[in-house]
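If you're matching positions, the sequence shown starts at 2 in this note's numbering and goes up one per residue. The beta carbon of each residue, even a glycine, is placed where N, CA and C say it ideally should be. The block underneath contains the structure these notes are about, expressed in structure tokens.
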Amino acid sequence: MIRQIIPPGSLLVVIIFLSFTLGGEGIGWVSNLNALMLVLGGAFCYALMTYPREKLFLTARLVIKSFSPPDNIKDMIQTIGHLARLYQGGWGIRNLERKVKELSPGLLRMGVESIAYQYERDKIKQVLEKEASCLRGQYESAGKVLSDLSQMLISMGLIGTLIYFVRFFHAAQDIHELLGFSAGAFLSTFYGILFGKLGLNPLLGKVKDFMAEEDFRMELVQEGVLAISDLEHPRVIRFRLENHSMARAATNQPPREPEVVLLSKEVVLDRRIEPVLHR
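Printed below as a string of structure tokens:
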């Protein structure tokens, strides 16, 4: 913890010291650089002192991922329907084991692996909920980091303004110097609000939208995997998931629930054994 705090803390002290010595009256390039150094450098040091590097890297990856094209929900639903069809056919467990290798890492693959390992339904549900909870925790943590950095940028801007006024009361001689120092003082406040409100707030909104989309996707995956485990008919599974997806897109109409068709264990066993007996 001390190793995490001392280097960025020392850098922050250096930045504040330079802010007391660099820059001058007006809004020249030196004053602009001084304000940017204090606002951006101070917020950067705060982030390094407060959060582990792994969390900062995770936040950066989630921000980048939020701008990438989302996975097609229709393709995911078709994949779930195909998995259900494989599981109800002959040698269902072996089919799932082969199909798992083709799935990308994620909640769906974990759920299908749990079915292939013949976990009980409650155990599968517990595994999926725990993994989904971990992912939601990561998204919420990234949102908290962005929110804190936004507030810190504004705070560093205000600190820069105070530093300029302290310098004025120490060195200024007349009202004309006061006007010059005031112009430079409000530069740091301007940059703090610019980067804090107009910079990070839109990113935070983008991440929240991405979190909501991923949360809905995880709900569909959990429902689909549990339906596969319950041996529901593939068409029923696809119909229900597609209905949920369309209802969410419309946001006005509640989803229509189809009549669920469950196959008994005996029927599924007969379907799996029959192809083998006719060979």
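Is it right to say R99 is buried, meaning 16 or more other beta carbons lie within 10 angstroms of its own, or is it exposed? exposed
Excluding the 5 residues flanking P235 on each side, which residues of the same chain have their C-beta closer than 8 angstroms to its C-beta? G82, H83, A85, R86, Q89
Classify E103 as helix, strand or coil using the three-state DSSP reduction. coil
Would you please state the rounded distance, in angstroms, between the beta carbons of D231 and R110? I believe it to be under 8 angstroms. Their Cβ separation, rounded to whole angstroms, is 19 angstroms, which puts D231 and R110 out of contact at 8 angstroms.
Among the candidates A213, I164, K66, whose CA atom is the shortest distance from the CA of A184? I164
Figure out for me which residue from N202, L227, M153 has the closest Cα to the Cα of Y47. M153
Taking only runs of the alpha helix (DSSP H) that begin and end inside the stretch 26-89, which ones reach a length of at least 4 residues, in chain order? 30-51, 54-68, 74-89
Count the other CB atoms, across all protein chains shown, that sit within 10 Å of the CB of A213; report buried if there are 16 or more and exposed otherwise. exposed
Does the stretch 218-226 come within contact of the stretch 187-195, defined as at least 3 CB pairs closer than 8 angstroms? no
Would a C-beta distance cut-off of 8 angstroms place S189 and L41 closer than the cut-off? no
Once the 5 residues before and after L23 are set aside, which same chain residues still bring their CB inside 6 angstroms of it? N35
Using a threshold of 8 angstroms, state whether the C-beta atoms of L199 and Q139 are closer than that. no
Taking only three categories from DSSP, how would you classify E220? helix
Y118 (DSSP reduced to helix, strand or coil): coil
In this structure, how does DSSP classify L163 when only helix, strand and coil are distinguished? helix
Contact criterion: CB-CB distance below 8 angstroms. Does A248 meet it with respect to chain D? Reference to chain D is not applicable here, since this structure consists of a single protein chain.
Counting pairs of Cβ atoms below 8 angstroms between the stretch 238-245 and the stretch 118-134, do you hit three or more? no
Does the beta-carbon distance from M219 to A143 come in below 8 angstroms? no
Quick check: what's the CA-CA separation for E114 versus L97? 8 angstroms
Between L205 and S148, how many whole angstroms is the CB-CB distance? I'm expecting something under 8 angstroms. 6 angstroms
Hey, out of F21, A251, K66, whose CA is closest to D210's CA? K66
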